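Offset between the sequence shown (1-based) and my numbering: plus 122. Ideal placement from N, C-alpha and C gives every residue a C-beta, glycine not left out. Since we're looking at a predicted model, the values are computed, not measured. Read through the structure below, which is laid out as C-alpha coordinates, and then see the notes.
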Amino acid sequence: MTLDLDTMTQAEFDELMTEIKEKRPNLFQFISDFVDRKVSTEEVDEYLKMDHRKQVDYIKSYQARA
(Lines of atoms letter the chains of each structure in order from A and count residues from 1; the text may use other names and numbers.)
(Lines give C-alpha, C1' and ligand atoms only; values in the text may rest on other atoms or scores of the structure.)
Protein backbone atom coordinates (compact mmCIF):
# COMPACT_ATOMS: atom_id res chain seq x y z
CA MET A 1 0.00 0.00 0.00
CA THR A 2 1.19 3.50 -0.85
CA LEU A 3 1.33 5.83 2.15
CA ASP A 4 1.55 9.03 0.12
CA LEU A 5 -1.90 10.63 -0.02
CA ASP A 6 -1.05 12.33 -3.30
CA THR A 7 -0.51 9.01 -5.10
CA MET A 8 -2.83 6.75 -3.10
CA THR A 9 -5.79 5.21 -4.88
CA GLN A 10 -9.27 5.60 -3.41
CA ALA A 11 -9.26 1.90 -2.50
CA GLU A 12 -5.93 2.28 -0.67
CA PHE A 13 -7.25 5.33 1.17
CA ASP A 14 -10.45 3.51 2.15
CA GLU A 15 -8.40 0.54 3.39
CA LEU A 16 -6.18 2.84 5.45
CA MET A 17 -9.16 4.61 7.01
CA THR A 18 -10.80 1.26 7.83
CA GLU A 19 -7.60 0.12 9.53
CA ILE A 20 -7.38 3.36 11.54
CA LYS A 21 -11.06 3.07 12.52
CA GLU A 22 -10.53 -0.50 13.79
CA LYS A 23 -7.15 -0.07 15.48
CA ARG A 24 -7.29 3.58 16.62
CA PRO A 25 -10.93 4.62 16.98
CA ASN A 26 -10.12 7.86 18.84
CA LEU A 27 -7.72 8.94 16.08
CA PHE A 28 -10.38 8.08 13.50
CA GLN A 29 -12.89 10.20 15.45
CA PHE A 30 -10.45 13.13 15.58
CA ILE A 31 -9.97 12.88 11.80
CA SER A 32 -13.74 12.59 11.24
CA ASP A 33 -14.42 15.60 13.44
CA PHE A 34 -11.84 17.60 11.51
CA VAL A 35 -13.41 16.63 8.17
CA ASP A 36 -16.84 17.53 9.59
CA ARG A 37 -15.39 20.90 10.75
CA LYS A 38 -15.96 20.13 14.42
CA VAL A 39 -12.19 20.46 14.96
CA SER A 40 -10.58 23.64 13.63
CA THR A 41 -7.36 23.94 11.70
CA GLU A 42 -6.00 25.90 14.67
CA GLU A 43 -6.70 22.92 16.94
CA VAL A 44 -4.90 20.62 14.52
CA ASP A 45 -1.95 23.03 14.43
CA GLU A 46 -1.79 22.97 18.23
CA TYR A 47 -1.96 19.17 18.19
CA LEU A 48 0.91 19.00 15.71
CA LYS A 49 3.03 21.27 17.93
CA MET A 50 2.71 18.83 20.84
CA ASP A 51 5.49 16.38 21.57
CA HIS A 52 4.72 12.75 20.72
CA ARG A 53 3.75 11.71 24.27
CA LYS A 54 1.24 14.57 24.58
CA GLN A 55 -0.19 13.72 21.16
CA VAL A 56 -0.70 10.11 22.25
CA ASP A 57 -2.39 11.22 25.49
CA TYR A 58 -4.58 13.71 23.63
CA ILE A 59 -5.82 11.10 21.15
CA LYS A 60 -6.34 8.47 23.88
CA SER A 61 -8.64 10.86 25.74
CA TYR A 62 -10.32 12.39 22.66
CA GLN A 63 -14.12 12.41 22.72
CA ALA A 64 -16.38 12.92 19.70
CA ARG A 65 -17.73 16.44 19.28
CA ALA A 66 -21.43 17.11 19.05
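Assuming the contact rule is C-beta atoms closer than 8 Å, Arg187 and Asp167 should be a hit. Round their C-beta distance to whole Å, please. Incorrect: roughly 17 Å between the Cβ atoms, too far for contact.
So what does DSSP say about Gln177, is it helix, strand or coil? helix
Delimiting residues of the alpha helix (DSSP H) encompassing Met73: The shown model of the chain, from 123 to 188, leaves out residue 73, and the question about it has no answer.
Distance, Thr129 Cα to Glu190 Cα: The chain is shown from 123 up to 188; residue 190 falls before or after that span and cannot be answered.
Quick check on the burial criterion: 16 or more other C-beta atoms within 10 angstroms. Buried or exposed for Gln78? This structure leaves residue 78 out entirely; the chain is present only between 123 and 188.
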